[in-house]
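Peer 1: Going by the numbering used here, the sequence shown opens with residue 19, and the numbers climb by one from there.
Backbone N, C-alpha and C fix where the C-beta goes; we use that ideal spot for every residue, glycine too.
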Amino acid sequence: MLHRVVTWARAAGCLHKVVVVHADLGESSEWPGVRELVARQAERYGVRFIAVEAEGGLYRLVEKRGKFPDSKNRLCTSQLKRDRLAPVITLLVQELGLSRQAVVVNFMGIRAEESAARRRKPELALDTRLGNGNRLVVTAHPILDMSETEVWQTIAQNGLEYHPAYDAGLPRLSCILCVLAGREWLIRAARLCLTLGLTHPQRYADLEARIGHTFQKKLSVAEIWAEAQRRGPLEDWERGDAIRRHLGEEAAAQYLRRLELAA
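#1: Would you kindly work out how many angstroms separate the C-alpha atoms of S47 and L237, rounded to a whole number?
#2: Just curious, the alpha helix (DSSP H) that T108 is in, first and last residue?
#3: What are the start and end residues of each continuous alpha helix (DSSP H) run of 4 or more residues lying completely inside the segment 182-231, in chain order?
#4: Residues in its own chain within less than 8 Å of H181 by CB, not counting five upstream and five downstream?
#5: What residues are listed by DSSP as bridge partners for A135?
#6: Which value, in whole angstroms, describes the spacing of the CA atoms of V197 and R137?
#7: Might you give, ordered along the chain, the residues of its own chain that have their beta carbon closer than 7 Å to the beta carbon of E71, omitting 5 neighbours on each side?
#8: Between the Cα of G230 and those of D145, V39, V80, spot the shortest distance and give me the residue it belongs to.
#9: Report the option in A143, W255, R249 whose CA atom is closest to the CA atom of R209.
#10: Express the C-alpha separation of E61 and P320 in angstroms, rounding to a whole number.
#11: Determine the burial state of E278: buried for a count of at least 16 other Cβ atoms within 10 Å of its Cβ, exposed for fewer.
#12: Could you tell me whether the segment 151-171 touches the segment 126-134, where touching means 3 or more Cβ pairs closer than 8 Å?
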């Protein structure tokens, strides 16, 4: 998404107005290296980077609430990500020092292919919750029309860095254990935790037992963790595998060469 936004901003002569904002969910929720990756991506394009932290992340949210979020109650998205954005917008508008209403475009990297709900999203929409008398906030979805293949083509052709979790076979860079993920996705994530020496699945299994509420209605982290341990750590992946799966061996080889030359 950032590549497309930066391309548009350069063409319009307003790259200096682009700010990358990352909602950091902390080590209890995010894969190692995510925040650092976002910072490097912003640096690559020469744009400002701001990280906002959600203290305790998903783990703390569930611990306080006594139950996990679900598709109908996505508190992880609203409280840990969306609500953290409002103070940043306030800060940026204050920095402008305008005597009139500012216009803020909030770009989000969702795609129509990802779900039925996202297919119904418009490319542009007024955000009346974030907007007020000082600012008009427009939510924009710049890659809504892009296919997964097109996303990976953009990454490969431009030598863009991506997180190793994709090479390990995860379809999205979500929380380590995402409440909206399917069983096999979660098992693979838990197996990657074994590979990396991360204890998140065990911590969440212990949390389930303590609050008496399972991760998903028909699936517990305890089950996921047990199956992951039975299958063992992930060992069948290497750098460039995400490109290989989507675009083929030659594209992966060219991508890795681009990274070597840029190093």
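Peer 2: To lay it out plainly:
#1: 19 Å
#2: 101-114
#3: 182-185, 201-214, 218-229
#4: Within the same chain, Cβ atoms closer than 8 Å to the Cβ of H181 are found at W49, G51, V52, L55, L191, the five residues on either side in sequence being excluded.
#5: Assignment of beta-bridge partners to A135 by DSSP yields no partner.
#6: Those two C-alpha atoms are separated by around 20 Å.
#7: By the criterion of a C-beta distance shorter than 7 Å, E71 is surrounded in its chain by D42, G44, once the five residues flanking it on both sides are discounted.
#8: V80
#9: R249
#10: Nothing in the structure corresponds to residue 320, since the chain is present only between 19 and 281.
#11: exposed
#12: Taking a cut-off of 8 Å on C-beta distances, the segment 151-171 touches the segment 126-134, as three or more cross pairs fall below it.
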